Structure formats: C-alpha cells, structure tokens
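Protein chains in written order, with our numbering: chain Y, 815 to 1221; chain E, 552 to 646.
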C-alpha cells in the first residue's frame, strides 16, 4: 500500500475517494476548505466519479447531501466552526431522518472574536443531535476513521449519520506519512450503499410531515437504541479493519499505559498525543499514569470508563471546550458515568487549550503532577473546574490587566 | 458499487419521520372552506396556470381541456381566481 505525505484534510479527501462517494457539496470555510478543494480536483481530473455541487451556504451544503443521500447516493460534506453552527438545523434533520451520511468537521474555535485555531467547542455543540461523533488523533486515523464512517453509517443496525472530527491546523494543515489503502481492497471491504428507505418519485414517501407527540418521543428512543448498537458495530469494524488493513485503534477509546494505571487522563483529539508523551514522562518519575483517549464522544464509551473508573485512584479530564456556567462537556459525561456507577474515585476537570492556546507535554506533566499530589496528600480530591489559564495570564492580577484595557 | 442503493431493513427498533401521502388522510378538508371557486368554462382556455399555483392539488383537468375544482379538498384560498389571466374563476361565498 502506498505511503503518502498527507495533511489531515487530504487524508479525508483520499478516504472519500476510496469510498466512491457519488455526491459532494460544501461551502468553503477555514480550516476545512482544502478537503473539498482536493475533492473538487479529484472530480475534475477523473479520479473520482462524483457530482460536486456548489451552494451558497453550509445550511444548503448539508441539505444538498442529505437530499442526495435520501435519494440513494453515498454523499459527503465537510465544514468547521461557524459553518457547522450555520447548518445546525439540518444536522438534526439528517440524524432524525436516519439517513446514512458522512461529514468531516475540522474543529475550530467559535467567534466572537474571529479565530481560526483549534478547540472543540464547535463539535461538542453537535453532541445531542443524534450523529455518531468520532474525533481522530492523527492523520492516519483521520483516513481510517473517515473510511470506516461510511460502513458504520450504512450498517442496518445503525442507520445514523457520522461526523469525523479532526483538529484544525494541528491535523488539517500538517503533513504526516499516511498509508493509503488500495482501491481494490477497499472495494472488497466496503459493501455497496445500504439505507432504510429511498426517496424517489416512485417511492411515494414524503418527508416533513408531522407525527403524534408519542411517536416523536419513540423516535428519540429508537435513535438512542441505534447509538447503543453502534457501540458494537464500531468495535466490529475496528477489528475487521485491522485484519484487512493492519490498523486497529481499540474501538470507542484507545488506552495508553492504562493497564496498571493509578491515574487516568481522559481526553480527545490531537492533543491526546501530548498527553501520552506526558504519561510516559510521568512513568519515568514513578507515577502510574495512563491515557484513555475518547475516539467517539457519541455513542459515549460508558462501559469502558466505568471499568477504568472502578480501578483508578483518580480520573483527570481535559476539556478543550466549556459550557459556560456549567462544566467542560467531557467532564460532564465522565462525572455522569462514574457517579452512575457509584464511583468514589477522585475526579478533576481541567479546562485548557481554548481558542487554540497551545498545551504541550510539559504543561500536561506539570498539571497532572500537581493534581496527583493533591489526591495523594488528601486521599481524595474533587475539582470539577480547574482552569488552566494561558501562561502569561495565570493570576487574577494578570487577567485584570487585560480587562482594564476595556474599563 | 455502481449497482445503486440497496434497501435493507433496519435491524434495531426504527421509526423514520416519513409519511405516504394519500387523498383525504385527514378527512375531506373542503369543509374548511368559506367561499368556493367557480369556473366559467366559456372563459377557461385550459392554460393550467391555476393548476400550477393551487397549493392543495385540487385543480382537475376535464376531458374537454378545461379545468374543474375538486370541492372535496379545495379549502377556498382563492389563489386560482387571483392568478387566472382570463377571469375565468370567481370566488363565491358559501356562508
């Protein structure tokens, strides 16, 4: 299989090509743009036999691929940040209609103020829509997760759309070696398009009807049941993909140094790599620290985290998003899982890396070390919101220096 | 690939937000009407503009190329009378 030097965005484009997608529509937005730019070139030079539809907005982009997919085509779109928020209504429509569809989300901070750098506020904003949401750590996984998303979305046990998250710039615009599978192998592995119904002039189906409240309620339940089934399907696909293409990631979470760990870092996205480096450094200092990288935030890996929570002394969650007035979104789910399981584990939620502020392995190491000291000194430590403020603004006085400019 | 989509039944509990439209699925909505369109056949040219505009699909084409109204489902909105270029449709009060 050819090894190529690909940005995360080009890795997405190659996965879409290999899946033989038939309809693509998108509206340009940084840092997503080079995905559809590359796909557009592939369509133009005949590498990909697909229809590329230009539209006037992200709302229309998703509506277009949703329509194409309802009519029976394997379809794809991609967006980021403000574009994703603009299509939010159709995000719900696609999932509620149970139409298999794949969308890449290149994660980016949300304005104001304008900012094109990575955080996870945009993708977590889609958490409750009924889409399966995966988040990759590096470019190889971006390609593999995108390719797998088509199989997952079109599985009759699932029939839900899938979002593949990749971090803006850190992955989207950074080249790395990527093993690109051969087309013949992908054709053997990925079945033809499957879907629960097809809307055509002959099908006599109408979408956009009203339904009794009780039926609407049952639809929510049915989507939850499909999400639960998706947990099994994700693991199955991960395993068989490993057998065919040589790479498996561990299903809903990927564990690094978890086996004998006293402390578990829960994290998602590209900065998980820095957390893993920190975990290795901490082990050299005698701290048994592991990393549970969340690969899918929906469906939520409840069972895996219950197991880790039941044997760890402490769980430290890093959120690159914040529900202001509440908690970090990963923290909320972890706390929900551990408390539902009657857990007495020390639990800390760290808010960090918002708006693209860099968090390196050294910073992870220092932060985790100080949390471990608090847990070991007190026997128990609970802190739902530990704000890891940017380095130059780490005290109230320094923060006030910024605020004073506006007074 | 290239064989078109394969319909395959869902394997988990499944409800989709779809309906199969059928005439009168909520009863004869013509009873909601307060005035009805009346077609003057001598003025009607069969241009079918009213058919194009009717939001309820209640304009019927007669065997002689003119239009007639399906009063079972016409709600009396009056769009057909408003768009007719030949003044061949009048709205007549029913109350």
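Beta carbons: idealized from backbone N, C-alpha and C, even for Gly. As the structure is a prediction and not an experimental result, all values here were calculated from the model.
Under 7 Å Cβ-Cβ, which residues of chain E neighbour residue i?
i: residue 1110 (chain Y); result: Residues of chain E passing the Cβ test: none, with the nearest at roughly 17 Å.
i: residue 1229 (chain Y); result: Residue 1229 (chain Y) lies beyond the residue range present for chain Y, which begins at 815 and ends at 1221; the question has no answer from this structure.
i: residue 963 (chain Y); result: Within chain E, no residue comes near residue 963 (chain Y); the closest Cβ sits about 17 Å away, beyond 7 Å.
i: residue 974 (chain Y); result: Going along chain E, no residue has its Cβ under 7 Å from residue 974 (chain Y), so there is no contact; the nearest lies around 10 Å.
i: residue 816 (chain Y); result: Simply none; closest approach about 21 Å.
Please list the partners that residue i has in chain E, where partner means a Cβ-to-Cβ separation under 9 Å.
i: residue 1040 (chain Y); result: 561, 563, 564 and 565
i: residue 1009 (chain Y); result: 556, 557, 558 and 559
i: residue 1023 (chain Y); result: 568, 569, 570 and 572
i: residue 971 (chain Y); result: 561, 562 and 563
According to the Cβ coordinates, are residue i and residue j closer than 8 Å?
i: residue 931 (chain Y); j: residue 982 (chain Y); result: yes
i: residue 635 (chain E); j: residue 609 (chain E); result: no
i: residue 973 (chain Y); j: residue 1009 (chain Y); result: yes
i: residue 1100 (chain Y); j: residue 1189 (chain Y); result: no
i: residue 911 (chain Y); j: residue 568 (chain E); result: yes
i: residue 904 (chain Y); j: residue 967 (chain Y); result: no
i: residue 1108 (chain Y); j: residue 1185 (chain Y); result: no
i: residue 557 (chain E); j: residue 589 (chain E); result: no
i: residue 1112 (chain Y); j: residue 945 (chain Y); result: yes
i: residue 954 (chain Y); j: residue 993 (chain Y); result: yes
i: residue 601 (chain E); j: residue 628 (chain E); result: no
i: residue 1080 (chain Y); j: residue 980 (chain Y); result: no
i: residue 892 (chain Y); j: residue 963 (chain Y); result: no
i: residue 1051 (chain Y); j: residue 1118 (chain Y); result: no
i: residue 1037 (chain Y); j: residue 909 (chain Y); result: yes
i: residue 1157 (chain Y); j: residue 1142 (chain Y); result: no
i: residue 913 (chain Y); j: residue 887 (chain Y); result: no
i: residue 1175 (chain Y); j: residue 1092 (chain Y); result: yes
Suppose you measure from the CA of residue i to the CA of residue j; what does that come to, to the nearest Å?
i: residue 807 (chain Y); j: residue 1122 (chain Y); result: Absent from the structure is residue 807 (chain Y), since the part of chain Y shown begins at 815 and ends at 1221.
i: residue 553 (chain E); j: residue 866 (chain Y); result: Here the model assigns residue 553 (chain E) a pLDDT of 39, short of 50, so the residue's position is not dependable and the matter cannot be decided.
i: residue 889 (chain Y); j: residue 918 (chain Y); result: 12 Å
i: residue 923 (chain Y); j: residue 941 (chain Y); result: 16 Å
i: residue 1025 (chain Y); j: residue 566 (chain E); result: 11 Å
i: residue 575 (chain E); j: residue 885 (chain Y); result: 26 Å
i: residue 1132 (chain Y); j: residue 875 (chain Y); result: 33 Å
i: residue 1212 (chain Y); j: residue 1203 (chain Y); result: 11 Å
i: residue 947 (chain Y); j: residue 1187 (chain Y); result: 34 Å
i: residue 834 (chain Y); j: residue 1002 (chain Y); result: 12 Å
i: residue 870 (chain Y); j: residue 878 (chain Y); result: 11 Å
i: residue 1182 (chain Y); j: residue 1140 (chain Y); result: 22 Å
i: residue 969 (chain Y); j: residue 1088 (chain Y); result: 34 Å
i: residue 927 (chain Y); j: residue 1065 (chain Y); result: 36 Å
i: residue 586 (chain E); j: residue 599 (chain E); result: 21 Å
i: residue 1167 (chain Y); j: residue 900 (chain Y); result: 24 Å
i: residue 845 (chain Y); j: residue 1193 (chain Y); result: 44 Å
Output, in chain order, the set of chain Y residues within a Cβ distance shorter than 9 Å of residue i.
i: residue 586 (chain E); result: Result: empty, since nearest Cβ-Cβ is about 27 Å, beyond 9 Å.
Leaving out five residues on either side along the sequence, give the residues of the same chain with a beta carbon under 6 Å from the beta carbon of residue i.
i: residue 616 (chain E); result: 597
i: residue 799 (chain Y); result: Residue 799 (chain Y) is absent from the model: chain Y starts at 815 and stops at 1221.
i: residue 824 (chain Y); result: 852
i: residue 990 (chain Y); result: 953
i: residue 1230 (chain Y); result: Any property of residue 1230 (chain Y) remains undetermined from this structure, which presents chain Y solely from 815 to 1221.
i: residue 949 (chain Y); result: 979, 1082 and 1083
i: residue 937 (chain Y); result: 919, 921 and 979
By Cβ distance below 7 Å, which residues in the same chain neighbour residue i in space, the five residues on each side in sequence not counted?
i: residue 984 (chain Y); result: 932 and 1084
i: residue 1046 (chain Y); result: none
i: residue 1126 (chain Y); result: 1075, 1076, 1077, 1078 and 1159
Going along chain A, which residues have a C-beta under 9 Å from residue i?
i: residue 910 (chain Y); result: Any reference to chain A falls outside this structure, whose protein chains are Y and E.
Under 8 Å Cβ-Cβ, which residues of chain E neighbour residue i?
i: residue 1036 (chain Y); result: 563, 564, 565 and 566
i: residue 999 (chain Y); result: Those do not exist, as residue 999 (chain Y) stays about 14 Å from chain E at its closest Cβ, beyond 8 Å.
i: residue 1019 (chain Y); result: 569, 570 and 571
For residue i, which residues of its own chain have a beta-carbon under 8 Å away from its beta-carbon, when the five flanking residues on both sides are left out?
i: residue 1049 (chain Y); result: 1065 and 1066
| said: To test your reading of the DSSP string, which unbroken beta strand (DSSP E) runs of 3 or more residues are found completely within the stretch 1009-1084 of chain Y? | reply: 1067-1070 and 1077-1081
| task | Entirely within the stretch 947-987 of chain Y and at least 3 residues each: give me those beta strand (DSSP E) ranges in chain order. | result | 976-981
| Enumerated in chain order, which unbroken segments of the beta strand (DSSP E) with a length of 3 residues or greater are wholly contained in the stretch 593-631 of chain E? | 610-612 and 618-620
| query | Which runs of the alpha helix (DSSP H), 4 residues or longer, sit entirely within the stretch 1169-1200 of chain Y? | reply | 1175-1192
| message | Please give the ranges of any alpha helix (DSSP H) in the stretch 835-881 of chain Y, keeping only runs that are unbroken, at least 4 residues long and fully inside the region. | response | 847-858
| Secondary structure, alpha helix (DSSP H): runs of 4+ residues fully inside the stretch 913-946 of chain Y | 935-938
| query | In chain order, which alpha helix (DSSP H) runs of at least 4 residues are fully inside the stretch 1102-1163 of chain Y? | reply | 1116-1125 and 1143-1154
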